[in-house]
Amino acid sequence: MGFWEPLFFWLFAFGALITSCAVIVMRNPLYCALTLIADFFCFAALYVLLSAHFLAVVQILVYGGAIMVLFLFIIMLLNMRRVRPASRFQVHYAIATIAGIMMFLFAAWAILSAVDMEEVAEERERVAEQIEEVEQEEEEVALRTASAIPGPEAPVDAPVLYADVNELAVEQAYAQTLRAWRDGHATPSDHKYPDFDPDRTYELPPSLQPDPEQAHVVPGREGLYGTFKPVSIMLVNRFVIPFELTAVLLLASIVGAMILAKRRVA
Amino acid sequence: MAWVSTLISYWEPTLAHYLLLSAAVFSIGLIGVMVRRNALIVFMSIELMLNSVNLSFISFARYRFEMDGHVFAFFIMAVAAAEAAVALAIVIHVFRHKRGVNVDEMQELKY
Chain H
5 MGFWEPLFFW LFAFGALITS CAVIVMRNPL YCALTLIADF FCFAALYVLL SAHFLAVVQI
65 LVYGGAIMVL FLFIIMLLNM RRVRPASRFQ VHYAIATIAG IMMFLFAAWA ILSAVDMEEV
125 AEERERVAEQ IEEVEQEEEE VALRTASAIP GPEAPVDAPV LYADVNELAV EQAYAQTLRA
185 WRDGHATPSD HKYPDFDPDR TYELPPSLQP DPEQAHVVPG REGLYGTFKP VSIMLVNRFV
245 IPFELTAVLL LASIVGAMIL AKRRVA
Chain B
26 MAWVSTLISY WEPTLAHYLL LSAAVFSIGL IGVMVRRNAL IVFMSIELML NSVNLSFISF
86 ARYRFEMDGH VFAFFIMAVA AAEAAVALAI VIHVFRHKRG VNVDEMQELK Y
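Chains H and B are the protein sequences, given in the same order.
Every number in our numbering is 4 more than the matching position in the first sequence, counting from 1.
Every number in our numbering is 25 more than the matching position in the second sequence, counting from 1.
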């Protein structure tokens, strides 16, 4: 796992917490919006740490760009400074804060009661050994590359218990799924939608077909997890109806926003 | 030296770390929704809560080695964009009638 990735996790996690607190504490709505932008950037960094690269970019473009520009525009349009009430401490502040903290404690209890940190440590050692084995096999494969013998399938013996397995293992597991789809052993909807026509094999689009010239590349190095291609493939295959409905939703929200915000014609 | 490995196992982020962060940000957004009177800041807190849900979706997706969570987070972002557009239009509308955006004063369904 290394030293830098946890360091960046803690950096951006505390950044997200501090900026979230600042959003609800600041008096001036303009400062709230600006700290919220910083918060969205922290979240985008966390998405990158979770190898969700596409969503990190979408987070910055949609949240940090579009939505926050809308917020800033409205704040400046309404000129809130003179309507800001002098808010003092009140009982319901304390009650709401206590309720929120209780909510967090309940969630934390539910999460931590499912996790045994000693088990995590054991699992981490096991995964580290496995990664070492994989790297040794990769070295052997690299030695055999000249004779173009395909390398052994990298063992992905389910290091799935915790999220901290490294990038290599994630990509290997994802590449195994893709290989299963390509070879027809499984379809993307297996075990998910039993009524989905299980006989239909899934064909990868030509852009994802393995390149014969790249056949010597060690399997599992495709690096597709979290990128644009798999998300878009899912959006136009299994999730095509929600995707189209999103278009209808956006159209409806555009029309609704126009009707609500326009001045009434006398 | 057992405590060193325990400390390291807390230092390196796992699924639990991401979920705890998500729960914390969600709670902060909940407190913001309950405490603040300015309607715009209430909407900002709702955006915070949506973001924390996105974070837990994506960490579960990474944990399961699947990408369905990414698609769900993508849809949540689209819905949040639509919601922000309509909500801010409503805020403008209310501001014209009330000359203010205090949520305590929004008690009627008229207008």
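Yeah, the Cβ is synthetic: ideal placement off N, Cα and C, and Gly gets one too.
As the structure is a prediction and not an experimental result, all values here were calculated from the model.
Which residues of chain H have a Cβ atom closer than 7 Å to the Cβ of H122 of chain B, listed in chain order? Going along chain H, no residue has its Cβ under 7 Å from H122 of chain B, so there is no contact; the nearest lies around 11 Å.
What in chain H is Cβ-close to E72 of chain B, meaning under 8 Å? Correct list: L40, Y67, I71.
Quick one: using the 10 Å Cβ neighbour count with 16 as the cut-off for buried, is Y35 of chain H buried or exposed? Y35 of chain H counts as exposed, since fewer than 16 other beta carbons sit within 10 angstroms of its beta carbon.
Exposed or buried, which one is N63 of chain B when buried takes at least 16 other CB atoms within 10 Å? Flag for N63 of chain B reads buried.
Measure the beta-carbon distance from N127 of chain B to F47 of chain H and round it to whole angstroms, keeping in mind my assumption that it falls under 8 Å. 29 Å between Cβ atoms; not a contact.
Tell me, to the nearest whole angstrom, how far the beta carbon of L55 of chain B is from that of G104 of chain H; I am working on the premise that it is less than 8 Å. Contact flag correct, Cβ pair sits at about 5 Å.
Specify the secondary structure class of N76 of chain B as computed by DSSP and reduced to three states. Helix at N76 of chain B.
Spell out whether any CB of chain B is found under 8 Å from the CB atom of E226 of chain H. Because E226 of chain H sits at a pLDDT of 49, beneath the cut-off of 50, its placement in the model cannot be relied upon, and the following sentence gives the value as read from the coordinates. The Cβ of E226 of chain H sits no closer than 8 Å to any Cβ of chain B.
Which chain H residues sit within Cβ distance under 8 Å of I117 of chain B? Listed along chain H, the residues sitting closer than 8 Å to I117 of chain B by beta-carbon distance are I78, L81, L82, L264, A265.
So the candidates are H:L228, H:V95, H:I115; which of them puts its Cα closest to the Cα of T181 of chain H? Of the listed residues, the one whose Cα sits closest to T181 of chain H is H:L228.
Among residues of its own chain, excluding the 5 on either side of H118 of chain B, which ones have a beta-carbon nearer than 6 Å to its beta-carbon? Cβ within range, chain order: n/a, list empty.
Give me the subset of the region 31-49 of chain B whose CB atoms are less than 9 Å from a CB atom of chain H, sorted by chain position. Cβ proximity to chain H below 9 Å picks out T31, I33, S34, Y35, W36, E37, P38, T39, L40, A41, H42, Y43, L44, L45, L46, S47, A48, A49 from the region 31-49 of chain B.
Under a CB-based cut-off of 8 Å, is I115 of chain H close to chain B? Look at I115 of chain H: its C-beta is under 8 Å from a C-beta on chain B.
On a Cα-Cα basis, can you pick out the residue from B:A107, B:H95, B:M59 that is closest to L255 of chain H? Of the candidates B:A107, B:H95, B:M59, the residue whose Cα lies closest to the Cα of L255 of chain H is B:A107.
Cα separation between Q134 of chain H and W185 of chain H? Computed Cα separation, rounded: 25 Å.
Evaluate R267 of chain H with the Cβ neighbour count: other Cβ atoms within 10 Å of its Cβ, from every protein chain shown; 16 or more gives buried, anything less gives exposed. Taking all protein chains shown into account, R267 of chain H has fewer than 16 neighbouring C-beta atoms within 10 Å of its C-beta and is therefore exposed.
Using the Cα positions of H42 of chain B and A49 of chain B, report the straight-line distance between them to the nearest angstrom. Each residue's alpha carbon lies about 11 Å from the other.
Under a CB-based cut-off of 8 Å, is E157 of chain H close to chain B? With a pLDDT of only 49 at E157 of chain H, under 50, the local geometry of the prediction cannot be trusted, and the value read off the model is given with reservation. Chain B contact via Cβ: absent.
Less than 8 Å between the C-beta atoms of S142 of chain B and S47 of chain B, yes or no? With chain B running from 26 to 136 in the structure shown, residue 142 of chain B is simply not present.
Looking at the strands, I want to know which residues DSSP matches up with N63 of chain B. For N63 of chain B, which the question treats as bridged, DSSP gives the partners B:N127.
Looking at E72 of chain B and L50 of chain H, is the spacing between their C-beta atoms short of 8 Å? Against a cut-off of 8 Å, the Cβ pair of E72 of chain B and L50 of chain H comes out as no contact.
On the criterion of 16 or more Cβ atoms from any shown chain inside 10 Å, does V124 of chain H qualify as buried, or is it exposed? By the neighbour-count rule (16 or more Cβ atoms within 10 Å), V124 of chain H is buried.
List the endpoints of the continuous alpha helix (DSSP H) containing I105 of chain H. Run containing I105 of chain H: 95-116, per the alpha helix (DSSP H) assignment.
So I101 of chain B contacts chain H; which residues on that side make the cut at Cβ distance below 9 Å? For a Cβ distance threshold of 9 Å, nothing in chain H lies close to I101 of chain B: the least Cβ distance comes to about 10 Å.
Around the C-beta of D43 of chain H, are 16 or more other C-beta atoms found within 10 angstroms, so that it is buried, or is it exposed? It is buried - the Cβ of D43 of chain H has at least 16 other Cβ atoms within 10 Å.
How is E91 of chain B classed by DSSP in three states: helix, strand or coil? Coil at E91 of chain B, not helix or strand.
Step through the CB atoms of chain B and report whether any lies within less than 8 Å of the CB of A184 of chain H. No, its Cβ sits nowhere closer than 8 Å to a Cβ of chain B.
Just verifying my parser: in three-state terms, what is the DSSP assignment at E9 of chain H? It is helical.
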